[in-house]
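Protein chains in written order, with our numbering: chain A, 2 to 201; chain B, 7 to 196.
Backbone N, C-alpha and C fix where the C-beta goes; we use that ideal spot for every residue, glycine too.
Contents: one structure, followed by commentary.
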């Protein structure tokens, strides 16, 4: 059976029951895109909004309730909040660059793979660093702001360091697993599509 | 064949699109102009959706997504490429990279209405059967191969296919020959 024999048939075919009226098209234009990248962008806006509100409130409440003792904590909360915003900004920037539907199909897929891998690396790095960072900040506050209990001797600091190392290791492997679970299949599918361009 | 082609420019920011009614539309276009263009060219978009989805719901979702993407990109269309090239790129990019629906492709749906010419033909039943076989075979191709087949059936030149897909012309010719061979084998097996 020859493909060329079906060119005329193909052109004359009208997708039955699939005609879309102008009114239906207008309704479609009001809808939000459901593509994964569009949804990820919307999630980031929500998360960033939540970080701004929650961290600002926490810092303010902390400052006004305990101005003498916890000003440092407020500053730390603000610093973590600003770092969080940079994290969302960077993710959003990568997502915005990730897709170019007007580009050639091959270059669009290439761009998606490259930037998604960059996005994953950043996500993995940020996720892995977050746990030890929070641990260190908490440790700093406990050591400097709480009454002297437990005693701050050498064994305390060794124990603190050992827990920190274990937590960092756990955070690394947990993040590795989670990132692979979230994006592994997606990247593999994109790579598979790209490989179809080079198939001999 | 697409019914609107970008044929000339007033300047780089205001290309003119000529519709099949010989009406000249200067860009930037209104929402109504956009709707007219989509309405005129919806046949090809539905055919692409048919090839890349397996259920009417997925078909409708993909069609909607293509329309949204076209609308979002419409304001930045500067006429550097033909309107058809631009539209095929967006439709195929949207369809091919929709990985969620790829995993759900389990059954073949090709909901086209038989062409009138074929209906009048005495050998219609035979041709319809052949077309069904070919449709099933096309569904078994890879995502990129399907895109090549769509453009080939739409009579796009290899140069335009290169502009849309990013595969060089020589490579496209080789791929096309292989696809034809593959389809021949697949339709024989059925």
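In the three-state reduction of the DSSP assignment, residue 148 (chain B) falls in the coil class, being assigned neither a helical nor a strand state. The beta carbon of residue 162 (chain B) sits no closer than 8 Å to any beta carbon of chain A. Here residue 130 (chain A) has no same chain residue with a Cβ atom under 6 Å from its own Cβ, once five neighbours each way along the sequence are excluded. 8 Å or more divides the Cβ of residue 157 (chain B) from the Cβ of residue 69 (chain B). Within 7 Å of the CB of residue 42 (chain A), no CB atom of chain B is found; the nearest one sits about 13 Å away. Beyond the five residues adjoining it in sequence on each side, residue 169 (chain B) comes within less than 7 Å, by CB distance, of 87, 91 in the same chain, given in chain order. Between the segment 101 to 117 of chain A and the segment 185 to 193 of chain A, the count of C-beta pairs closer than 8 Å reaches three or more; the two stretches touch.
A residue is called buried once 16 or more other Cβ atoms fall within 10 Å of its Cβ, and residue 152 (chain B) is buried on that count. Counting the other CB atoms within 10 Å of its CB gives residue 176 (chain A) a total of 16 or more, which places it among the buried residues. A straight line joining the alpha-carbon of residue 96 (chain A) with that of residue 37 (chain A) spans about 10 Å.
If you draw a straight line from the Cα of residue 189 (chain B) to the Cα of residue 166 (chain B), it is about 23 Å long. The Cβ atoms of residue 149 (chain B) and residue 197 (chain A) lie closer than 8 Å to each other. For residue 108 (chain A), the nearest beta carbon of chain B is closer than 8 Å to its own beta carbon. Annotated three-state conformation of residue 103 (chain A) is coil, per DSSP. Under the DSSP assignment, residue 57 (chain A) falls in the alpha helix (DSSP H) whose first and last residues are 37 to 66. Taking residue 47 (chain A) as reference, the option from A:123, A:77, A:122, A:93 with the minimal CA-CA separation is A:93. For residue 67 (chain B), the chain A residues whose Cβ falls inside 9 Å of its Cβ are 35, in order along the chain. When secondary structure is reduced to three states using DSSP, residue 90 (chain B) falls in the helix class. Look at the beta carbons and you see the segment 69 to 88 of chain A not touching the segment 22 to 36 of chain A: under three pairs across the two are nearer than 8 Å. Rounded to whole angstroms, residue 29 (chain A) and residue 8 (chain A) show a C-alpha spacing of 31 Å. For the pair residue 127 (chain A) and residue 88 (chain A), the CB atoms are nearer than the 8 Å cut-off.
Within the segment 132 to 159 of chain A, complete beta strand (DSSP E) segments of at least 3 residues are not found at all. The beta carbons of residue 180 (chain A) and residue 124 (chain A) sit about 6 Å from each other, so the pair counts as a contact at 8 Å.
With respect to the 8 Å criterion, residue 178 (chain B) and residue 154 (chain B) are classified as neighbours on the basis of their beta carbons. Sequence-ordered contacts of the segment 39 to 59 of chain B with chain A read 41, 44, 45, 48, 49, 52, 53, 56 [C-beta pairs closer than 7 Å]. When 9 Å is used as the limit between beta carbons, residue 47 (chain A) is near no residue of chain B, the shortest such separation being about 20 Å.
From the beta-carbon of residue 148 (chain B), the residues of chain A found nearer than 7 Å are 197. Listed along chain A are 105, 106, 107, 108, each with a C-beta nearer than 7 Å to that of residue 172 (chain B). Using beta-carbon distances, residue 191 (chain B) does not count as an interface residue toward chain A, since no partner is under 8 Å. Not a single CB atom of chain A sits nearer than 8 Å to the CB of residue 176 (chain B). Taking 8 Å as the upper bound for CB-CB distance, residue 51 (chain B) and residue 72 (chain B) are in contact here, some 5 Å apart. Taking each of A:186, A:169, A:67, A:155 in turn and checking the Cα distance to residue 135 (chain A), the smallest one comes out for A:169. Its chain contains 175, 178 as the residues whose beta carbon lies nearer than 6 Å to that of residue 164 (chain B), once the 5 sequence neighbours on both sides are disregarded; these appear in chain order. Buried is the label assigned to residue 56 (chain A), since at least 16 other Cβ atoms lie within 10 Å of its Cβ.
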